[in-house]
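Chains as they are written, first to last, in the numbering used here: chain A, 3 to 196; chain B, 3 to 196; chain C, 3 to 196; chain D, 3 to 196.
Note that CB positions come from ideal geometry on N, CA and C, so glycine has one too.
Below is one structure, written out as structure tokens, with a few remarks after it.
Number of protein chains: 4
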Amino acid sequence: MTNATADTGTVRDRILASAQHLFVDKGFHNTSIPDIVSASGTSIGAVYHHFTSKDELAHVLHRQLVDQFVVLSATEVLAFPDAQSRVRGYVSMLFRLTEEDPYFVSYLIFARPSSVVEDNLTVCSREGLEVTRHIIVDGQRAGEVRDLDARVLCGVISGAIMRLIDLRLDGVITEPLTGMVDDTAAAIWASISA
Amino acid sequence: MTNATADTGTVRDRILASAQHLFVDKGFHNTSIPDIVSASGTSIGAVYHHFTSKDELAHVLHRQLVDQFVVLSATEVLAFPDAQSRVRGYVSMLFRLTEEDPYFVSYLIFARPSSVVEDNLTVCSREGLEVTRHIIVDGQRAGEVRDLDARVLCGVISGAIMRLIDLRLDGVITEPLTGMVDDTAAAIWASISA
Amino acid sequence: MTNATADTGTVRDRILASAQHLFVDKGFHNTSIPDIVSASGTSIGAVYHHFTSKDELAHVLHRQLVDQFVVLSATEVLAFPDAQSRVRGYVSMLFRLTEEDPYFVSYLIFARPSSVVEDNLTVCSREGLEVTRHIIVDGQRAGEVRDLDARVLCGVISGAIMRLIDLRLDGVITEPLTGMVDDTAAAIWASISA
Amino acid sequence: MTNATADTGTVRDRILASAQHLFVDKGFHNTSIPDIVSASGTSIGAVYHHFTSKDELAHVLHRQLVDQFVVLSATEVLAFPDAQSRVRGYVSMLFRLTEEDPYFVSYLIFARPSSVVEDNLTVCSREGLEVTRHIIVDGQRAGEVRDLDARVLCGVISGAIMRLIDLRLDGVITEPLTGMVDDTAAAIWASISA
DNA sequence: AATGAATGAGGGTTCATTCAT
DNA sequence: CATGAATGAACCCTCATTCAT
Numbered sequence: 003m004t005n006a007t008a009d010t011g012t013v014r015d016r017i018l019a020s021a022q023h024l025f026v027d028k029g030f031h032n033t034s035i036p037d038i039v040s041a042s043g044t045s046i047g048a049v050y051h052h053f054t055s056k057d058e059l060a061h062v063l064h065r066q067l068v069d070q071f072v073v074l075s076a077t078e079v080l081a082f083p084d085a086q087s088r089v090r091g092y093v094s095m096l097f098r099l100t101e102e103d104p105y106f107v108s109y110l111i112f113a114r115p116s117s118v119v120e121d122n123l124t125v126c127s128r129e130g131l132e133v134t135r136h137i138i139v140d141g142q143r144a145g146e147v148r149d150l151d152a153r154v155l156c157g158v159i160s161g162a163i164m165r166l167i168d169l170r171l172d173g174v175i176t177e178p179l180t181g182m183v184d185d186t187a188a189a190i191w192a193s194i195s196a
Numbered sequence: 003m004t005n006a007t008a009d010t011g012t013v014r015d016r017i018l019a020s021a022q023h024l025f026v027d028k029g030f031h032n033t034s035i036p037d038i039v040s041a042s043g044t045s046i047g048a049v050y051h052h053f054t055s056k057d058e059l060a061h062v063l064h065r066q067l068v069d070q071f072v073v074l075s076a077t078e079v080l081a082f083p084d085a086q087s088r089v090r091g092y093v094s095m096l097f098r099l100t101e102e103d104p105y106f107v108s109y110l111i112f113a114r115p116s117s118v119v120e121d122n123l124t125v126c127s128r129e130g131l132e133v134t135r136h137i138i139v140d141g142q143r144a145g146e147v148r149d150l151d152a153r154v155l156c157g158v159i160s161g162a163i164m165r166l167i168d169l170r171l172d173g174v175i176t177e178p179l180t181g182m183v184d185d186t187a188a189a190i191w192a193s194i195s196a
Numbered sequence: 003m004t005n006a007t008a009d010t011g012t013v014r015d016r017i018l019a020s021a022q023h024l025f026v027d028k029g030f031h032n033t034s035i036p037d038i039v040s041a042s043g044t045s046i047g048a049v050y051h052h053f054t055s056k057d058e059l060a061h062v063l064h065r066q067l068v069d070q071f072v073v074l075s076a077t078e079v080l081a082f083p084d085a086q087s088r089v090r091g092y093v094s095m096l097f098r099l100t101e102e103d104p105y106f107v108s109y110l111i112f113a114r115p116s117s118v119v120e121d122n123l124t125v126c127s128r129e130g131l132e133v134t135r136h137i138i139v140d141g142q143r144a145g146e147v148r149d150l151d152a153r154v155l156c157g158v159i160s161g162a163i164m165r166l167i168d169l170r171l172d173g174v175i176t177e178p179l180t181g182m183v184d185d186t187a188a189a190i191w192a193s194i195s196a
Numbered sequence: 003m004t005n006a007t008a009d010t011g012t013v014r015d016r017i018l019a020s021a022q023h024l025f026v027d028k029g030f031h032n033t034s035i036p037d038i039v040s041a042s043g044t045s046i047g048a049v050y051h052h053f054t055s056k057d058e059l060a061h062v063l064h065r066q067l068v069d070q071f072v073v074l075s076a077t078e079v080l081a082f083p084d085a086q087s088r089v090r091g092y093v094s095m096l097f098r099l100t101e102e103d104p105y106f107v108s109y110l111i112f113a114r115p116s117s118v119v120e121d122n123l124t125v126c127s128r129e130g131l132e133v134t135r136h137i138i139v140d141g142q143r144a145g146e147v148r149d150l151d152a153r154v155l156c157g158v159i160s161g162a163i164m165r166l167i168d169l170r171l172d173g174v175i176t177e178p179l180t181g182m183v184d185d186t187a188a189a190i191w192a193s194i195s196a
């Protein structure tokens, strides 16, 4: 991915956007404040005016991205009534986001900001787990989903999705994931349906 | 995971073992040579006597772990004749390794050593992909595996496995994965079988 | 020479002045950044804020001293119309500078900053050669200077001067060189006059 | 100059020869023991078997080269009875050596091994000064040399010679100095003769 | 609100030296 | 005699952070 931040929005937003790109591309520990300053076209002073430290900047960024993810999950996934629609919605949402905003999805899937949040979980491990757990548990209660260990079934859903996003972001898959929504949702559903 | 590197073996091996643990626990960029020196009970000079740089140390370590993975895949997975046995073998191997040597598996699944190899793929993305591709393609040729996009099916296999290992290593799953081999293999097989 | 760098001037100038003294006294490779920091009363960060590297610091310093030398040569030597006056002007200028600013002259005569400039020539070898070549060639054209190999005559002029400065800076000669201008200019002129 | 040491002579001599080349080419402080080991084709152990430290190695080397210079001066310069022959002998000897063994002459003229000898004088400043002083003082006593400050006349002799050697070693003069002996001796003699 | 000069702890790395083999 | 693994002080440089403007 190439950097295309800066030049728009408030100073604070430009800093956050550049940090997001750089954390994804180079990792938190390999991204310096000067890197962020250069990428955002701002200044050291500006960064420390808006954030108390590099850690806090990462924390604010994390919170912001997690909140977006949670809102999207509620409106595009859990809004559906049945398990099969929810699975399809989840696949569809994440595949579309991968094409639209790869840095956002990259962060959700890979970032393990141990210096930012106390544990070492990615957004998808922690908040994403909640989404899939709802799908599975509600689905089992409704008899739509087979009666296997819920965590195994959660693993199948999010694992398959994340894996394909991974391969897409790494360039192993070269065409848009949006064309693979049906196949993927079908494979997942075959695995978990009662 | 807590550090438990050793006071045994050659200096070179102790350095490699400590580096592996630290790279997994803290990440490459957040691991310093003094960290490795402390953990391995050696000296700065010893590290630079055996390796030309921190990068080369990471490179040697990577090579070594990848080779182990490739050998294990050949003997414990691809040695089976049919797709279903192979899937079960793959799940079984990785779940067992997760319990036996979590640092090894952690490295395979999470390490994205962009400073070590040219691309940004984990061992499981690159070498692991080969294993699953063999399972799928051979299985499709034999009519055992359904005729969906091979990459989707690969994603289901390794995604589900990696996801569960992830949850286990992060402590979300608290009992040994070895007890979940059957359920997991069954779920995966339901997803990909013809 | 003992160190007498200052607590005056801008940080950048203090760093340059200290570096000049230390490079002359101890040599480039035997002068550390901490040495320069101590002598200039600044900080490591300040050095790297003003210069990108130790090499660049040396480069900037070199450029600055060479420029001073070139200006002085033009105004105090080549401004004279005839060869004999020019020789005397050159001797006079360098002997006076030796007493006034020994670190400046020391740098001009001894520094061979192969890490700074591509070749291995001192300021006096490179830029100083131009000055003496002008004296000789113009003088030969005017019939004032004998018709020997120009380089030999250049060698006599600058060699004699540099040698005496060397002996003065090393403490072999203990009285100011300013008192030896006439004798030196006379000896040189005897050697090169037609 | 390109390195052409090693492979012949005793281990000790190979180490000394390589050190001489490297000290001349890169400077004492910029030459490491590993550099000397590589260039001489020996081992760290060998260096420390024959010399107690890097400093002592430099000291031994220095002593050896100075002794050679003193012997040569006695037999090829001071053996002559009159000042003019001595001047010519000095020029001739040093110019011939420059062509035959540039590393030897480079060391004599440039090396200022402050870590080896207590003061900061080159071989030519210290031991060479003795040679020229003999020429001048004896010559003045015999009425052959003009009655100027002896140090000035010493400066003219060695300065001119060293300067031309410098230009030759730096590649400014491209033909052998041996062809310039007569001109140089003539110019010097014109400067100092009574 | 914004700037960037200044600071110094800490990073990767080199290297003189020691010593067991 | 010779080897080279091991040591750690010291080197150059980066970077998070502070603060006067």
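Between the alpha carbons of Arg65/B and Ser40/D lies a distance of about 29 Å.
According to DSSP, residue pairing for Ser195/C in a beta bridge involves Val147/C. Straight-line spacing of the CA atoms in Val183/C and Thr77/D works out to 34 Å. Taking all protein chains shown into account, Asp149/C has fewer than 16 neighbouring C-beta atoms within 10 Å of its C-beta and is therefore exposed. Counting every other CB atom within 10 Å of its CB across the protein chains shown gives Thr176/D a total below 16, marking it as exposed. Beta-carbon to beta-carbon, Leu110/A and Phe71/A are separated by about 6 Å, close enough to satisfy the 8 Å threshold. Look at the segment 153-179 of chain A: the residues with a C-beta under 8 Å from a C-beta of chain B are Arg153, Val154, Leu155, Cys156, Gly157, Val158, Ser160, Gly161, Ala162, Ile163, Met164, Arg165, Leu166, Asp168, Leu169, Asp172, Gly173, Val174, Ile175.
For Arg90/D, the uninterrupted alpha helix (DSSP H) segment begins and ends at 85-102. Remark: three or more beta-carbon pairs, one from each stretch, lie closer than 8 Å, so the segment 57-64 of chain C and the segment 19-26 of chain C are flagged as touching. One thing to note: Leu169/C has its Cβ no nearer than 9 Å to the Cβ of Glu101/C.
The beta carbons of Val125/C and Leu67/C sit closer together than 9 Å. Exposure of Gly11/D is indicated by the presence of fewer than 16 other C-beta atoms within 10 angstroms of its C-beta. DSSP places Pro178/C in the coil class of the three-state scheme, outside both helix and strand.
Residue environment analysis places Ile159/B among the buried positions, since at least 16 neighbouring C-beta atoms fall within 10 angstroms of its C-beta.
Neighbours of Leu150/C in chain D, taken as residues whose beta carbon is under 8 Å from its own, are Asp185, Ala188, Ala189 in chain order. A Cβ-Cβ contact shorter than 9 Å links Ala85/C with Ala144/C. Phe30/B has its alpha-carbon roughly 11 Å from the corresponding atom of Lys28/A. If you ignore the 5 residues before and after Gln142/C, its C-beta comes within less than 6 Å of no other C-beta in its own chain. Taking C-beta atoms under 8 Å as the contact rule, Met164/A and Gly161/B qualify, at a distance of about 6 Å.
The segment 42-87 of chain A is shown to contain whole alpha helix (DSSP H) runs of 4 or more residues at 46-52, 56-78, in chain order.
Counting every other CB atom within 10 Å of its CB across the protein chains shown gives Tyr50/D a total below 16, marking it as exposed. Listed in chain order, the positions of the segment 7-34 of chain C with a beta carbon within less than 7 Å of a beta carbon of chain D are Gly29, His31, Asn32. Between Asp185/A and Val154/B, the C-beta spacing is below 9 Å. Rounded to whole angstroms, the gap between the alpha carbons of Leu96/C and Ala188/C is 15 Å. Collapsing the DSSP output to three states places Ser34/C in coil. Considering only beta carbons, the part of the segment 92-114 of chain B lying closer than 9 Å to chain A consists of Phe112, Arg114, in chain order. Within 10 angstroms of the beta-carbon of Ala113/B lie 16 or more other beta-carbons, which makes it buried. Interface with chain C (9 Å Cβ-Cβ cutoff): Leu131/D is included. For Leu123/A, the nearest CB of chain B lies under 9 Å from its own CB, placing it at the interface with that chain.
For the 9 Å CB-CB criterion, Gly157/C and Leu166/D form a contact. Residues of the segment 40-62 of chain C with a Cβ closer than 9 Å to any Cβ of chain D: none.
Straight-line spacing of the CA atoms in Val73/D and Ile138/D works out to 19 Å. The CB of Ile194/B comes closer than 9 Å to the CB of Ala189, Ala192, Ser193 in chain A, given here in chain order. Boundaries of the alpha helix (DSSP H) around Gly161/D: 152-171.
In the three-state DSSP reduction, Thr124/D falls in the coil class, being neither helix nor strand.
Per DSSP, the unbroken alpha helix (DSSP H) holding Arg16/A starts and ends at 13-28.
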